[in-house]
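Numbering (the working numbering), first residue to last: -12 to 307.
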Amino acid sequence: MSSKLRIGTVGLGLMGSSIATCILAAGHEVTSLIKEIGTADEARDRILGYLHQLEREGLITETPERIIQRLTITDEASLLANHTVVIESITENLDEKKRLYRQLETVLPPTAIIGSNTSAIPVSVLQHGLEHPERLLGIHWAEPAHITRFMEIICGNDSDLTYAYEMVALAESWGKEPSLLRKDIRGFITNRIMYAMLREAFHLVENGYATIEDVDRSLRNDLGYWITFAGPFRFMDLTGIPAYLTVMKDLFPDLSNSIETPKLMEELVASGAKGVQNAQGFYPYTPESAREWEEKFIDFSYDIRKLAQKHTPTSANEPK
């Protein structure tokens, strides 16, 4: 696929704006469909700010002011008619997503790829009832989407792998390192593994084995040291496979397998906590410290991207 393709996006919240920034920075013209045209200026300013971040980090060669000229923001779906790929990043609501797809199918050619940045709804469910379900894929991004190299491309039961391979190649041209899920499964790869980890983390805290701070400290200083360099299977290769089997036999029966959501999480959400977004979370914040943590996270995201690229070994000679 050519970098000159016109790419469409739907939704320009924080994630949608970050996705649009990534695609603009890769050289595409982008048309972004939004519900309320009155929010267009706010979204454009946010995207321009993200582009200035990329400029400061040396990740773009064009000026942000030139790149932003390739962005069209509209509330008219008909302007997506000549687009090859459209990626939605709207609310995680099945009815709203299905309503959008039906609208897109009235204006898009039958071979245009529709991508959903869903993180929870199975792709096969999203495909149900579409005129051309084979071209709908899950395209799961990580925040901040314009910085991270992460992407999962997910096939539903009715997906045509040809479209998935096209999307993989396109994502690579955006600087992503995509993973392809050839079969649909709820939560995909990272969410399934992360939520298994979160369940065990809550189990340790709620049963008095460790504090929130201690759990965070242990994971930062162990998992945090190697996970960017190597995934779990590579790490077992690097550190000796047999020992892991021994620990699995002993530890697996003792791990939490609760299907109940943690009480600590329920109570925190009920209290109105949203994390640094409103300075209420697992940790105490002032508005100033919350902003500082957000800024640190952005700086860290750029640093870890550079570190990952520096230490990613070539796999050209490895058997497939």
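Note that beta-carbon positions come from the ideal geometry of N, C-alpha and C, so glycine has one too.
Model, not experiment: these values are computed from the prediction.
CA-to-CA distance, residue j to residue i, given in whole angstroms
i	j	result
Leu294	Phe287	10 Å
Ser111	Ile246	24 Å
Gly3	Ile34	10 Å
Glu159	Glu139	12 Å
Ile108	Ile55	32 Å
Gln370	Leu168	Any property of residue 370 remains undetermined from this structure, which presents the chain solely from -12 to 307.
Ile(-6)	His15	7 Å
Thr61	Glu75	14 Å
Gly(-2)	Ile10	14 Å
Thr135	Lys250	32 Å
Leu(-8)	Gly125	20 Å
Lys236	Val17	51 Å
Arg86	Ala230	51 Å
Arg43	Asp145	43 Å
Thr198	Phe222	27 Å
Thr8	Ile285	15 Å
Ala151	Arg173	18 Å
Gly259	Gln267	8 Å
Gly45	Pro240	49 Å
Glu52	Leu58	11 Å
Asn244	Phe220	22 Å
Arg278	Leu232	43 Å
Asn80	Gln114	14 Å
Trp280	Glu121	42 Å
Buried or exposed (CB count within 10 angstroms, at least 16 for buried), residue i
i	result
His127	buried
Val234	exposed
Asp171	buried
Ser(-11)	Note that Ser(-11) scores a pLDDT of 46, beneath 50, so its modelled location is shaky; the value from the coordinates is reported in the next line. Burial call: exposed.
Pro306	Confidence in Pro306 is poor, its pLDDT being 49 and thus under 50, which makes the residue's placement unreliable; the coordinate value appears in the next sentence. Classification for Pro306: exposed.
Leu238	exposed
Asn104	buried
Tyr88	buried
Met184	exposed
Lys283	exposed
Tyr37	buried
Gln264	exposed
Ile180	exposed
Ile77	buried
Ser276	exposed
Asp290	exposed
Pro274	exposed
Selection from the options that minimises the alpha carbon distance to residue i
i	options	result
Thr299	Ala260, Glu254, Gly218	Gly218
Lys84	Met223, Thr71, Ile101	Ile101
Ala132	Val263, Glu279, Gly162, Ile6	Ile6
Pro97	Ala188, Leu225, Arg43, Asp147	Asp147
Thr71	Glu92, Thr135, Tyr231	Glu92
Leu308	Gly36, Asn144, Phe189, Leu66	Outside the shown range of the chain (-12 to 307) lies residue 308, about which nothing can therefore be said.
Glu118	Ser276, Val94, Pro240	Val94
Ile21	Glu63, Thr48, Ala129, Arg186	Glu63
Glu23	Gly0, Ala13, Val17	Gly0
Leu123	Ile77, Leu157, Arg57, Val73	Val73
Glu193	Ile214, Ala156, Met252	Met252
Ala99	Leu210, Glu153, Glu79, Gly143	Glu153
Ala68	Asp28, Gly25, Thr(-4), Gly116	Thr(-4)
Boundaries of the alpha helix (DSSP H) in which residue i is found, first to last residue
i	result
Ile228	228 to 238
Ser111	110 to 114
Gly370	Here the chain covers residues -12 to 307 and nothing more, so residue 370 does not appear.
Ala127	First, the amino acid is wrong: residue 127 is His here, not Ala. Taken as a continuous stretch (DSSP letters only), His127 belongs to no alpha helix (DSSP H), being part of the beta strand (DSSP E) at 123 to 128.
Glu49	Here Glu49 belongs to no alpha helix (DSSP H), and DSSP marks it neither H nor E.
Thr149	148 to 160
Glu92	81 to 92
Thr177	177 to 193
Leu251	250 to 257
Beta strand (DSSP E) segment containing residue i, residue limits
i	result
Ser103	100 to 103
Arg136	Run containing Arg136: none; DSSP gives neither H nor E here.
Thr299	That residue, Thr299, is in no beta strand (DSSP E); it is neither H nor E in DSSP.
Beta-bridge pairing of residue i - partner residues as DSSP gives them
i	result
Gln267	Gly262, Pro271
Met26	Note that residue 26 is Thr in the sequence shown, not Met. In DSSP, Thr26 forms no bridge with anything.
Val73	Gly(-5), Ile101
Ile10	BP columns for Ile10 are empty, so no partner.
Ser166	Glu139
Ser243	In the DSSP output, where bridge partners are listed per residue, Ser243 has none listed.
Ser19	Thr(-4), Ile60
Check: residue i C-beta below 8 Å from any heavy atom of the ligand MG
i	result
Lys22	The ligand MG is absent from the structure shown, which contains no ligands of any kind.
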